[in-house]
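Per the working numbering, the very first residue in the sequence shown carries number 7; after that it's consecutive. Cβ coordinates follow ideal geometry from the N, Cα and C atoms, glycine included. These notes concern the structure reproduced below.
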Amino acid sequence: MRIIKRDFFVIGSGVAGLEAALGLSSVGSVAILTKEKVDDCNSVLAQGGIAAAIGKTDSSQLHCADTLLAGAGISRRRPVQLLTTAGPRVIRTLIRRGVRFDCDAAGELDLGLEAAHAQPRVLHYGDQTGAEIWRALREETARNSRIKIFSETDALDLIVRQGRCLGLIAADAQEALCCLGQAVVLASGGCGTIYGRTTNNPVSTGDGIALAWRAGARLADMEFIQFHPTALNLNEQPLFLISEAVRGEGAVLVNAQGQRFMPEYHEAAELAPRDVVSRAILAEQEQGTRVFLDATKIAEHFPERFPGIYEKLRQVSLDPARQWIPVTPAAHFIMGGVQTDTYGRSSLTGLLACGETACTGVHGANRLASNSLLEGLVFGGRIRAGVKRLPEYECSMIHDQEILASLPEMRHDRKTRPVSAQDERVRSLQETMWRKVGIIRDAAGLSEALHRLEVLAADTKADEYALINMIQVATIITRAALARRESRGGHFRSDYPLPKGSLARCHSSWAIDDEPFARA
Ligand code: SIN
Numbered sequence: 007m008r009i010i011k012r013d014f015f016v017i018g019s020g021v022a023g024l025e026a027a028l029g030l031s032s033v034g035s036v037a038i039l040t041k042e043k044v045d046d047c048n049s050v051l052a053q054g055g056i057a058a059a060i061g062k063t064d065s066s067q068l069h070c071a072d073t074l075l076a077g078a079g080i081s082r083r084r085p086v087q088l089l090t091t092a093g094p095r096v097i098r099t100l101i102r103r104g105v106r107f108d109c110d111a112a113g114e115l116d117l118g119l120e121a122a123h124a125q126p127r128v129l130h131y132g133d134q135t136g137a138e139i140w141r142a143l144r145e146e147t148a149r150n151s152r153i154k155i156f157s158e159t160d161a162l163d164l165i166v167r168q169g170r171c172l173g174l175i176a177a178d179a180q181e182a183l184c185c186l187g188q189a190v191v192l193a194s195g196g197c198g199t200i201y202g203r204t205t206n207n208p209v210s211t212g213d214g215i216a217l218a219w220r221a222g223a224r225l226a227d228m229e230f231i232q233f234h235p236t237a238l239n240l241n242e243q244p245l246f247l248i249s250e251a252v253r254g255e256g257a258v259l260v261n262a263q264g265q266r267f268m269p270e271y272h273e274a275a276e277l278a279p280r281d282v283v284s285r286a287i288l289a290e291q292e293q294g295t296r297v298f299l300d301a302t303k304i305a306e307h308f309p310e311r312f313p314g315i316y317e318k319l320r321q322v323s324l325d326p327a328r329q330w331i332p333v334t335p336a337a338h339f340i341m342g343g344v345q346t347d348t349y350g351r352s353s354l355t356g357l358l359a360c361g362e363t364a365c366t367g368v369h370g371a372n373r374l375a376s377n378s379l380l381e382g383l384v385f386g387g388r389i390r391a392g393v394k395r396l397p398e399y400e401c402s403m404i405h406d407q408e409i410l411a412s413l414p415e416m417r418h419d420r421k422t423r424p425v426s427a428q429d430e431r432v433r434s435l436q437e438t439m440w441r442k443v444g445i446i447r448d449a450a451g452l453s454e455a456l457h458r459l460e461v462l463a464a465d466t467k468a469d470e471y472a473l474i475n476m477i478q479v480a481t482i483i484t485r486a487a488l489a490r491r492e493s494r495g496g497h498f499r500s501d502y503p504l505p506k507g508s509l510a511r512c513h514s515s516w517a518i519d520d521e522p523f524a525r526a
């Protein structure tokens, strides 16, 4: 096994990971590990934009209020304030760093409207906003001699000694790697791939969350999954996202008869919170109708405003000027994750997390649209301050050879093949999660799912690392969903359809030593 030494290891190469790495490079050497190619991340798929209170009639207090409202009563106020106050500064900095945003005819930054925002505050670059921000950060990391990227390298397990995370075991195509440093930052995104319908890149198998879990770090709010209402309804995985900004510009949802139905479900109609729109679409689908997005009224500027979506529709012979776009909800984002403070520090010393992998409590039970790129930048940027606040690391504490000698028997001696979407067990997992732990849940379905997950777990081999991660994360989500006997934000229980009072207004927190996980 090869030993790699760096001050810091960052797992994941999305916006949060790159921003964390750039910050850390000013205090030490950094290795970024990414399991496929460096651009295989959800950040580059983020279409709609990045929210920030820069409009003349807007303020960070209004952005904060909208974020708290979307979070359905359980967002943590302090991180939300940090996020929304930082928004305008982050945008100014991005522009200085070379990120392009669309401007209106007067040359002012063009601000889009998305669901549950009381103000237009979504900055965008066509429908490629995430890719544009990611490009600028990627170029900065490429110029930074203190950052080295190890692509096509799996992060397998964290190394924890004397209560501190000292690194991780990884594997590239040739060999296993023992990565030793002062701290590990998990920024590997979410876990959308555990669902049969998702907008996420297939790399989103919950690896960071599973690694933290196995190492004993606490997770929080795992039951809260956001389903995006409008993914292109084709038989493909992942499903192509039709940005919420399309509805923000005026497209409406219709059934097969062309009838608009959202006004019957919510006063904000197509711009109601995502969980409301997703459930409404599901209800229509369950009545046997297909659901479409009618964008014909915005046909004139569609190709210019949404070039990526337009190109995708063209490839599948759909003309949004004349045809409705078939859509369906799909798993999009996990609000829960590795429980951290606002500096990204987890419950395990030396282990930090940021971006979708982390749960600062900023999203509560439901994330406000276009807050995720901002979250990645703000909390990724705070990681540097987080490592400075860690207890002093004594390099001599444990010798490399001692660590090597004490490692458990390796599950891998080199990188394994990515988990195959065709694998029957993967399909069964995705189907189970979509049907039983999806948009609408109940006790019977969740218990059935747990049973199925146990059977699947028994049918894995020790080296099937991505599949094991998927099953572990799916199991935690299912247990958390079973335990929360109420409906709130992204967690809807048909057997407990209402939010509970103050008693339920708490976060759920899970660690491997807790019952019932001790036996899992
Ligand atoms: C979208 O463009 O609709 C997705 C953006 C987000 O999830 O915030």
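- The secondary-structure analysis by DSSP pairs Thr204 across a beta bridge with Ala337.
- When the five nearest sequence neighbours on each side are left out, the beta carbons in the same chain lying within less than 6 Å of the beta carbon of Ile474 are those of Thr466, in order along the chain.
- Annotation: the continuous alpha helix (DSSP H) that includes Thr73 extends over Ser66 to Ala76.
- Assignment of beta-bridge partners to Gly118 by DSSP yields Val128.
- Per the coordinates, the alpha-carbon of Asp178 lies some 15 Å from the alpha-carbon of Glu470.
- In the three-state scheme derived from DSSP, where H, G and I count as helix and E and B as strand, Ser434 is classed as helix.
- Straight through space, the alpha carbons of Thr147 and Leu28 are spaced by roughly 7 Å.
- In this structure Gly20 touches Gly195 by the C-beta definition: roughly 6 Å separates them, less than 8 Å.
- Here the alpha carbon of Gly444 sits roughly 11 Å from the alpha carbon of Asp281.
- Each residue's CA atom was taken as its position, placing Ala375 and Lys303 some 23 Å apart.
- Collapsing the DSSP output to three states places Leu462 in a helix.
- Buried is the label assigned to Ile315, since at least 16 other Cβ atoms lie within 10 Å of its Cβ.
- Under the three-state reduction of DSSP output, Val344 falls in the strand class.
- Our two residues, Asn150 and Val44, have alpha carbons roughly 15 Å apart in a direct line.
- Among the bridge pairs identified by DSSP, Ser19 is matched with none.
- Contact check between the region 491-499 and the region 364-380: three or more CB pairs, one atom from each, fall below 8 Å, which counts as touching.
- By the criterion of a C-beta distance shorter than 7 Å, Asp163 is surrounded in its chain by Leu174, Ile175, Leu217 and Arg220, once the five residues flanking it on both sides are discounted.
- Apart from sequence neighbours up to five positions away, the residues of its chain that approach Val432 with a beta-carbon distance below 8 Å are Val425, Ser426, Leu473 and Met476, ordered along the chain.
- For Ala517, the closest alpha carbon among the candidates Met228, His69 and Ser81 is that of Met228.
- Taking all protein chains shown into account, His307 has fewer than 16 neighbouring C-beta atoms within 10 Å of its C-beta and is therefore exposed.
- In this structure, the straight-line span from the alpha carbon of Arg203 to that of Pro244 is close to 7 Å.
- Distances from the CB of Ser81 to the heavy atoms of the ligand SIN are all 6 Å or more.
- Per the C-alpha coordinates, the member of Leu129, Glu242 and Asp133 positioned closest to Val96 is Leu129.
- Ala489 sits in a helix when the DSSP states are folded into three classes.
- Within the same chain, Cβ atoms closer than 6 Å to the Cβ of Cys171 are found at Leu164, Val190, Leu354, Gly356 and Leu357, the five residues on either side in sequence being excluded.
- In this structure, Ala262 is the residue among Ala262, Arg311 and Ile10 with its C-alpha nearest to the C-alpha of Glu292.
- Secondary structure note for Arg84: its alpha helix (DSSP H) is the uninterrupted segment Arg83 to Arg102.
- Residue burial annotation: Ser352 is buried, with at least 16 other C-beta atoms found within 10 angstroms of its C-beta.
- Under the three-state reduction of DSSP output, Val368 falls in the coil class, being neither helix nor strand.
- Burial is judged here by how many other beta carbons sit within 10 angstroms of a residue's own beta carbon; Glu114 has fewer than 16 and is exposed.
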